[in-house]
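When the letters of the sequence shown are read in order and numbered with numbering that gives the first Met the number 0, they come out as residues 0 to 261. Yeah, the Cβ is synthetic: ideal placement off N, Cα and C, and Gly gets one too. For reference, the structure is listed below as structure tokens.
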Amino acid sequence: MNAKEKKYALVTGAGKGLGKAFVYELAKRGINIILVSLPGENLKDLSSDLESTYSIVTAYYETDLSVGSNVIALSEWVNKHFNVYMLINNAGTGGSRRFAEASVEYINQIIQLNVTATSLLTHQLLPNLIRQKQAYILNVSSLAAFTPMGYKTVYPASKTFIHSFSRGLNEELRDTSVFVSVVNPGAMRTNPEITARVDKQGFLGKLTLIDPDKAAARCIAGLLRKDSVIMLNPISWLVLSLIPIWLRLPLMTNAVKKEVCA
Ligand SMILES: NC(=O)c1ccc[n+]([C@@H]2O[C@H](COP(=O)([O-])OP(=O)(O)OC[C@H]3O[C@@H](n4cnc5c(N)ncnc54)[C@H](OP(=O)(O)O)[C@@H]3O)[C@@H](O)[C@H]2O)c1
Numbered sequence: 000m001n002a003k004e005k006k007y008a009l010v011t012g013a014g015k016g017l018g019k020a021f022v023y024e025l026a027k028r029g030i031n032i033i034l035v036s037l038p039g040e041n042l043k044d045l046s047s048d049l050e051s052t053y054s055i056v057t058a059y060y061e062t063d064l065s066v067g068s069n070v071i072a073l074s075e076w077v078n079k080h081f082n083v084y085m086l087i088n089n090a091g092t093g094g095s096r097r098f099a100e101a102s103v104e105y106i107n108q109i110i111q112l113n114v115t116a117t118s119l120l121t122h123q124l125l126p127n128l129i130r131q132k133q134a135y136i137l138n139v140s141s142l143a144a145f146t147p148m149g150y151k152t153v154y155p156a157s158k159t160f161i162h163s164f165s166r167g168l169n170e171e172l173r174d175t176s177v178f179v180s181v182v183n184p185g186a187m188r189t190n191p192e193i194t195a196r197v198d199k200q201g202f203l204g205k206l207t208l209i210d211p212d213k214a215a216a217r218c219i220a221g222l223l224r225k226d227s228v229i230m231l232n233p234i235s236w237l238v239l240s241l242i243p244i245w246l247r248l249p250l251m252t253n254a255v256k257k258e259v260c261a
């Protein structure tokens, strides 16, 4: 069977963090994977390990998804060589800054990666997904989608976009073979920067903490079950939504301010 006859899941941001947890969860389920991440993050070794440990087939593609033309080039390569029945738009970036002091590059990077790359990749791979008997899209949003925050501003707004985009697209594709799901994780200790941030935020930061491997397993189970919204931290979400916005907004903003002004 050549690559075009097999079916693949494509995962962006597959090199580390939640994306890496996704690829191991998919591999355990015997699913072939196309891994996408920035250049120089050892996708070759990761792919070899997945193939030898789980007897699956993998392919990898290294590119900066915050550049629109790279997303188009990736899509053309994927559509030419592979059948994709699962797309996981996981790559995302954030950060905490005073908005006035943030660079143009910082603002653009968040919007281009979180918003533009997710929308464009989904758009470009949709004909491929629709051709499959059953296909799935999982978009990674955040609990931050429900809480605007000073000193983060652009990141939560980008995740609100992802939440709204996913729900709207799922409704639009109701009569097709493609099911769209969105996940809203709370904090995960995926990299040293986020770990340090969570620790500085104290109680509020730790309130929503979840292990990335458990998060990935629950996401894939929820996606295959066709949950349109996957809530990994329902209790935290309930607690957050019970706090009125006039109180939640300054509380969250103060928590983030601590790390920016430390
Ligand atoms: N961690 C949390 O607390 C948390 C909470 C809620 C939501 N999320 C969301 O979960 C997703 C994964 O987050 P994470 O914590 O696992 O992040 P992470 O540890 O920083 O990993 C991000 C992944 O995205 C890739 N990536 C970053 N910029 C890229 C670019 N310009 N082009 C292509 N790939 C790029 C990275 O590639 P390389 O491997 O090549 O560096 C890496 O594999 C993100 O969408 C994030 O917003 C995270």
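Checklist line | Cut-off 7 Å between Cβ atoms - residues of its own chain near Thr194, not counting five sequence neighbours on either side | finding: For Thr194, same chain residues with a beta-carbon under 7 Å away, outside a window of 5 residues either side, are Arg188 in chain order.
Notebook entry, point to check: Is there at least one non-hydrogen atom of ligand 1 closer than 8 Å to the beta-carbon of Met85?
Noted result: no
Margin query: Could you check whether the segment 27 to 46 touches the segment 0 to 18, counting it as contact only if at least three pairs of C-beta atoms, one from each stretch, sit closer than 8 Å?
Written below: yes
Item checked: Assigned exposure category for Leu42 - 16 Cβ within 10 Å defines buried -> Label assigned to Leu42: buried.
Item checked: Beta-carbon spacing of Lys27, Gly93 below 9 Å -> no
Margin query: Contact defined as beta carbons within less than 8 Å: I believe Ala90 pairs with Ala58. What is the distance between those atoms, to the nearest angstrom?
Written below: Going by Cβ atoms, the distance from Ala90 to Ala58 rounds to 17 Å, so no, they are not a contact pair.
Note to self: Quick check on the DSSP output: the beta strand (DSSP E) that includes Tyr84 runs from which residue to which?
What the structure shows: Run containing Tyr84: 82 to 88, per the beta strand (DSSP E) assignment.
Next item on the list: Report the partner residues of Tyr135 according to the DSSP bridge assignment.
Entry: Tyr135 pairs with Met85, Phe178.
Next item on the list: Counting only the same chain and skipping the five closest in sequence on each side, list residues whose C-beta sits under 8 Å from that of Ala348.
Entry: Nothing can be reported for residue 348, as the shown portion of the chain is limited to 0 through 261.
Checklist line | Option nearest Asp226 by Cα separation, candidates Glu170, Lys205, Ser118 | finding: Glu170
Next item on the list: Count the other C-beta atoms from every protein chain shown that fall within 10 angstroms of the C-beta of Ser74, then say buried if there are 16 or more, exposed otherwise.
Entry: buried
Check: Thinking C-beta only, is Val153 closer than 9 Å to Ala99?
Finding: no
Next item on the list: Decide yes or no for the touch test of the segment 78 to 88 against the segment 103 to 121: beta carbon pairs closer than 8 Å, at least 3 of them.
Entry: yes
Check: Does the distance from the CB of Ile242 to the CB of Leu250 come in under 9 Å?
Finding: yes
Next item on the list: May I ask which residues mark the beginning and end of the alpha helix (DSSP H) holding Thr159?
Entry: Per DSSP, Thr159 belongs to the alpha helix (DSSP H) from 153 to 171.
Note to self: How far does the beta strand (DSSP E) with Ser36 in it extend, from its first residue to its last?
What the structure shows: 31 to 36
Note to self: So, under 8 Å CB-CB, Lys132 and Ser176 are touching, yes? Tell me the CB distance rounded to an integer number of Å.
What the structure shows: 6 Å
Next item on the list: Check each candidate in Pro155, Ser165, Asp174, Arg166 and name the one with the smallest Cα separation from Gly185.
Entry: Considering only alpha carbons, the answer is Pro155.
Item checked: Beta-carbon gap between Val197 and Ile161 smaller than 9 Å -> no
Notebook entry, point to check: Going straight from the alpha carbon of Ser180 to that of Ser51, what length do you get?
Noted result: 30 Å
Margin query: Using the three-state DSSP reduction, which class does Ala26 fall into: helix, strand or coil?
Written below: helix
Next item on the list: Leaving aside the five residues before and after Gly149 along the sequence, list all residues of the same chain whose C-beta is less than 6 Å from its C-beta, in chain order.
Entry: Thr252
Next item on the list: Note down, one range per segment and in chain order, each beta strand (DSSP E) of at least 3 residues found wholly within the segment 57 to 128.
Entry: DSSP runs (the beta strand (DSSP E)) wholly in the segment 57 to 128: 57 to 61, 82 to 88.
Next item on the list: State yes or no: is the C-beta of Leu347 within less than 9 Å of the C-beta of Thr146?
Entry: No information on residue 347 is available, as it lies outside the stretch 0 to 261 that the chain covers here.
Check: Do you know offhand how far Leu49's Cα is from Leu246's?
Finding: Straight through space, the alpha carbons of Leu246 and Leu49 are spaced by roughly 46 Å.
Notebook entry, point to check: Under the three-state reduction of DSSP, which class applies to Leu9: helix, strand or coil?
Noted result: strand
Item checked: Beta-carbon proximity check, Ile129 vs Leu168, cutoff 9 Å -> no
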